[in-house]
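K.L.:
Numbering (UniProt numbering), first residue to last: 1 to 155.
Yeah, the Cβ is synthetic: ideal placement off N, Cα and C, and Gly gets one too.
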């Protein structure tokens, strides 16, 4: 998993046209640490993943390879789908809204702030929280896959 996360972070850094030094300064880490993360030799902390996701408008799902689309791509798809709503009947609109609700990141800003405060307070370790988040993301991915399969069976 470290290697995949590193590949995604490197891909994001290159897409933003930033050097390792520039990128590492933006997220508040040493560039040698970023190099190890990109090579898959070091797992980024939950706080670092949150910082990258918020500063560069990508989802944590994408960073940890649970989603193939970044937040930007998902937003663009939702906007393009919006224009097609008038062609759908009420039931299809409700199904599409339900599907979009299922795809919304389960970790809201409020939850992230709560997680951060617990890390700062020392009541939960970063590694334990990362495992909890990854487990939740895995559960969310399974729910999305189930919805996709149900949609395929209807067609």
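Where does residue 83 fall in DSSP's three states?
P.N.:
The predicted model places residue 83 with a pLDDT of 48, which falls under 50 and marks its position as unreliable; any figure quoted below should be read in that light. In this structure, residue 83 counts as coil in the three-state DSSP scheme.
K.L.:
Using CA coordinates, which residue listed in 27, 46 and 34 is at the minimum distance from residue 56?
P.N.:
Comparing Cα positions, the closest option is 27.
K.L.:
Using 8 Å for Cβ pairs, my map puts residue 23 next to residue 13. What's the rounded Cβ distance?
P.N.:
About 4 Å; that satisfies the 8 Å criterion.
K.L.:
Would DSSP call residue 29 helix, strand or coil?
P.N.:
The answer is coil: DSSP assigns residue 29 none of H, G, I, E or B.
K.L.:
Here's a check: name, in chain order, each residue in its chain whose Cβ is nearer than 7 Å to the Cβ of residue 39, leaving out the five neighbours to either side.
P.N.:
Cβ neighbours of residue 39 beyond the five flanking positions: 6.
K.L.:
Could you name each continuous alpha helix (DSSP H) segment of 4 residues or more that falls completely within the UniProt domain "HTH cro/C1-type" (9-63), going from the start of the chain to the end?
P.N.:
Those alpha helix (DSSP H) runs which fall completely within the UniProt domain "HTH cro/C1-type" (9-63) and span 4+ residues are 20-27, 31-38, 46-55 and 60-63.
K.L.:
For residue 53 and residue 30, I'd like the C-alpha separation in whole angstroms.
P.N.:
Approximately 18 Å between the Cα atoms of the pair.
K.L.:
Can you say whether residue 121 is buried or exposed, counting buried as having 16 or more other CB atoms within 10 angstroms of its CB?
P.N.:
Residue 121 is exposed by the Cβ-count criterion.
K.L.:
Can you look up residue 72 in the DSSP assignment and give me helix, strand or coil?
P.N.:
Per-residue confidence for residue 72 stands at a pLDDT of 46, beneath the threshold of 50, marking its modelled position as unreliable; the derived number appears in the next sentence. Here residue 72 sits in helix by DSSP.
K.L.:
Leaving out five residues before and five after residue 51 in sequence, what residues of the same chain have Cβ atoms less than 6 Å from its Cβ?
P.N.:
Same-chain partners within the cutoff: 27.
K.L.:
For residue 65, name the three-state secondary structure that DSSP assigns.
P.N.:
Looking at residue 65 - three-state DSSP - the assignment turns out to be coil, as it is neither helix nor strand.
K.L.:
Quick one, which of 134, 150 and 142 has its alpha-carbon nearest residue 46's?
P.N.:
Nearest option by C-alpha distance: 134.
K.L.:
I'd like the list of long-range same chain contacts for residue 36, defined as Cβ closer than 6 Å, with 5 residues on each side in sequence excluded.
P.N.:
42, listed in sequence order.
K.L.:
Whose C-beta lies closer than 7 Å to the C-beta of residue 34 among residues of the same chain, with five residues either side of it excluded?
P.N.:
Hits under 7 Å: 20, 23 and 24.
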